[in-house]
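**Student:** Residue numbers (the working numbering): 38 to 535. Built from N, CA and C at the ideal position, the CB exists for glycine as well. Here it is, the structure, as structure tokens.
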């Protein structure tokens with residue numbers, strides 16, 4: 038079916054492939070399917086489109102959980118997420134023949150992504166259309182309106198192409214080219230220069246077992262990363278690599294107790310490095326709960342300020358509705374819910390403000406937006422992806438970091454336990470990256486920047502305008518249909534009376 042083909046094309050537009058333009062074709066085809074249809078048909082075709090997109094996009098869940106639980110978690114999540122597309126596709130079908138239909142269709146698709154990113158249980162903002170555009174011509178738009186505007190531009194272009202093919206008018210053609218024209222006009226303002234000097238950073242990727250083999254590999258992961266950090270220290274002393282200003286370790290490569298200063302091994306590791314080091318850990322707090330933290334560890338003073346992850350992964354870092362969750366994941370009974378942090382996502386190391394979005398948080402718009410607003414000069418994304426094997430998950434996450442770089446005009450340093458670690462420039466380009474499941478170290482000098490982009494300044498406002506516009510258009514279309522139906526009924530009654 039065409040809806041299924043369109044969904045598969047949307048999947049193929051995402052990294053690690055650079056075929057970003059397939060997303061436009063996907064929405065052009067999908068618009069052909071639902072244009073002028075009833076809401077019920079739009080819902081059905083939308084669900085098929087969503088399933089065809091999410092199942093291959095989220096196959097990394099099958100790689101992770103399939104050995105113990107089969108395809109149930111992967112298929113179930115894909116089917117549920119497809120319902121968000123189904124619901125908005127019902128509305129897209131209704132507004133498709135309105136004046137300016139492609140605009141309202143694109144706005145309604147943003148409604149679906151906005152809802153999916155917030156509900157239920159804090160949402161699942163992975164696989165948003167905008168995150169598939171790090172290599173695309175639309176990327177500069179992220180500096181104006183973030184990922185929601187990227188999504189809007191791609192969907193608008195695809196739907197407008199279809200409208201032009203149906204109606205052969207100038208307005209749909211303009212709708213198709215205006216987003217690209219705005220992107221090209223914005224490109225000269227996407228800067229990469231060092232406004233506040235530079236910072237030399239080192240990223241340590243120690244490696245770990247993949248998939249479910251990671252369940253009991255905490256000690257091995259810690260040993261690997263400490264060994265790699267010790268090798269970095271030796272390379273620095275021997276002059277084989279430049280001395281960094283700060284070292285960034287990945288998310289939860291180690292555990293920490295309530296008093297991390299007692300960890301003599303980490304104290305020795307950081308002292309050997311001789312520079313402030315960001316340590317990613319699962320920390321047991323004084324009240325007995327766990328937090329996912331990044332700690333600034335000084336080579337002399339030891340552990341200092343820290344940031345605790347605020348956007349926790351549902352069914353991973355906390356488990357809602359445990360009785361049902363037990364069916365889908367093997368970790369429920371032994372899982373202790375983590376406690377979300379409330380601190381601002383900014384840490385200071387080597388005299389530089391570093392924005393921090395831990396792993397899953399890079400998918401949420403507000404975390405790194407707050408960091409940039411709070412003065413972060415460089416953004417960091419420490420992550421632990423060893424659960425997901427040699428799948429596309431790490432590349433999908435890296436694409437989000439590329440979008441965030443342009444959105445906030447900041448270099449992004451990605452530090453991963455098993456890859457992909459990377460140095461992302463403020464224009465979204467990647468200058469250094471590692472391979473999956475290899476022990477490696479990156480040392481690079483990145484620009485410190487203070488520019489406040491429009492996207493940083495206005496935050497969720499563009500998304501809010503698109504959501505309100507899409508819903509208003511839908512209500513207008515529904516009201517118009519009701520009035521037309523009432524007029525037809527009235528005309529029939531008068532004809533009968535005559």
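Hey, quick one: how far does the beta strand (DSSP E) through residue 239 stretch, first residue to last?
**Tutor:** 235-242
**Student:** Drop a sphere of 10 angstroms on the beta-carbon of residue 512, count the other beta-carbons inside from all chains shown, and report buried for 16 or more, exposed for fewer.
**Tutor:** exposed
**Student:** Taking the alpha carbon of residue 424 as the point to measure from, which residue in 46, 56, 99, 51 has its own alpha carbon closest?
**Tutor:** 99
**Student:** Closest to residue 1 by CA distance: which of 472, 450, 165 is it?
**Tutor:** Absent from the structure is residue 1, since the part of the chain shown begins at 38 and ends at 535.
**Student:** Mind reading off the beta-carbon distance from residue 385 to residue 342? Whole number of angstroms is fine, and I expect it under 8 Å.
**Tutor:** 7 Å
**Student:** How big is the Cα-Cα spacing for residue 95 and residue 275?
**Tutor:** 44 Å
**Student:** Using only CA atoms, which one of 124, 499, 294, 316 lies nearest to residue 418?
**Tutor:** 316
**Student:** What's the C-alpha gap between residue 103 and residue 412?
**Tutor:** 42 Å
**Student:** Report the three-state DSSP secondary structure of residue 356 (helix, strand or coil).
**Tutor:** coil
**Student:** Tell me, which residues are paired with residue 340 by DSSP?
**Tutor:** 334
**Student:** I'd like the span of the beta strand (DSSP E) that includes residue 473, first residue to last.
**Tutor:** Premise fails: residue 473 is in no beta strand (DSSP E) and is neither H nor E.
**Student:** So residue 209 is in the alpha helix (DSSP H); what residue range does that whole segment cover?
**Tutor:** 207-223
**Student:** Identify whether residue 274 lies in helix, strand or coil by the three-state DSSP scheme.
**Tutor:** Looking at residue 274 - three-state DSSP - the assignment turns out to be helix.
**Student:** Quick check: what's the CA-CA separation for residue 306 versus residue 477?
**Tutor:** Spanning the two alpha carbons is a distance of roughly 17 Å.
**Student:** Could you give the uninterrupted runs of the alpha helix (DSSP H) lying entirely in the stretch 283-315, keeping only those of 4 residues or more?
**Tutor:** 301-310
**Student:** Who are the Cβ neighbours of residue 268 in its own chain at under 8 Å, not counting the five residues just before and after it?
**Tutor:** 478
**Student:** In chain order, what residues of the same chain have a beta carbon less than 7 Å from the beta carbon of residue 143, not counting five sequence neighbours either side?
**Tutor:** 189, 192, 193, 196
**Student:** Grab the span of the alpha helix (DSSP H) containing residue 415 for me, first residue to last.
**Tutor:** Careful: residue 415 lies outside any alpha helix (DSSP H), inside the beta strand (DSSP E) at 415-420.
**Student:** Taking the beta strand (DSSP E) that residue 459 falls in, what are its first and last residues?
**Tutor:** First-last of the beta strand (DSSP E) with residue 459: 459-461.
**Student:** Going by DSSP, which residues form a beta bridge with residue 467?
**Tutor:** 461
**Student:** Smallest Cα separation from residue 56: which of 300, 168, 499?
**Tutor:** 168
**Student:** Under 7 Å between the Cβ atoms of residue 80 and residue 115?
**Tutor:** Taking 7 Å as the Cβ cut-off, residue 80 and residue 115 do not qualify as a contacting pair.
**Student:** For residue 551, which option in 54, 404, 44 has the closest C-alpha, if you only look at C-alpha atoms?
**Tutor:** A question about residue 551 goes unanswered here, because the residues of the chain that appear run from 38 up to 535.
**Student:** Rank 488, 377, 110 by C-alpha distance to the C-alpha of residue 228 and give the top, closest one.
**Tutor:** 488
**Student:** Quick one: Cα of residue 455 to Cα of residue 475, how far?
**Tutor:** 6 Å
**Student:** If you count every other CB in all the chains shown that lies within 10 Å of the CB of residue 62, and 16 or more means buried, which is it?
**Tutor:** buried
**Student:** Please give the ranges of any alpha helix (DSSP H) in the stretch 59-145, keeping only runs that are unbroken, at least 4 residues long and fully inside the region.
**Tutor:** 59-71, 76-94, 96-106, 109-132
**Student:** Nearest to residue 320 by alpha carbon, out of 337, 448, 354?
**Tutor:** Nearest C-alpha to residue 320: 354.
**Student:** Restricting to Cα atoms, I'd like to know which of 156, 87, 52 is closest to residue 350.
**Tutor:** 156
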